[in-house]
């Protein structure tokens with residue numbers, strides 16, 4: 062799993078993650094349905110998360126984050 066930091070959260074149920082390292086992809090979009098366990102409402106800007114990366118079904122040339130897990134929820 063990749064790691065990063067929540068950079069943006071929108072009331073409409075999506076946000077953006079800044080991945081760790083120099084992946085060159087910039088921020089990754091994530092939808093509220095991609096957040097595991099505690100749910101989207103529990104996320105905060107600046108929070109550390111783990112996630113998987115997959116092609117965006119709406120734009121296969123871009124990637125998006127799925128299986129987003131807050132760092133404090135990991136065991």
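Numbering (the numbering used here), first residue to last: 62 to 136.
C-beta atoms are modelled at their ideal positions from N, C-alpha and C, and glycine is treated no differently.
Determine the DSSP secondary structure at residue i, reduced to helix, strand or coil.
| i | result |
| --- | --- |
| residue 117 | strand |
| residue 88 | coil |
| residue 95 | helix |
| residue 72 | coil |
| residue 129 | strand |
Which same chain residues end up closer than 8 Å to residue i when comparing Cβ atoms and leaving out the 5 residues on each side of it in sequence?
| i | result |
| --- | --- |
| residue 163 | This structure leaves residue 163 out entirely; the chain is present only between 62 and 136. |
Spatial neighbours of residue i within its chain, please: C-beta separation below 7 Å, excluding the five flanking residues on both sides.
| i | result |
| --- | --- |
| residue 125 | 89, 90, 91, 115, 117 |
| residue 82 | none |
In terms of alpha-carbon separation, which member of the options lies closest to residue i?
| i | options | result |
| --- | --- | --- |
| residue 69 | 128, 130, 106 | 106 |
| residue 130 | 102, 71, 73 | 102 |
| residue 78 | 67, 121, 62 | 67 |
| residue 80 | 62, 122, 100, 119 | 62 |
Hey, would you say residue i sits closer than 9 Å to residue j, going by beta carbons?
| i | j | result |
| --- | --- | --- |
| residue 104 | residue 76 | yes |
| residue 93 | residue 87 | no |
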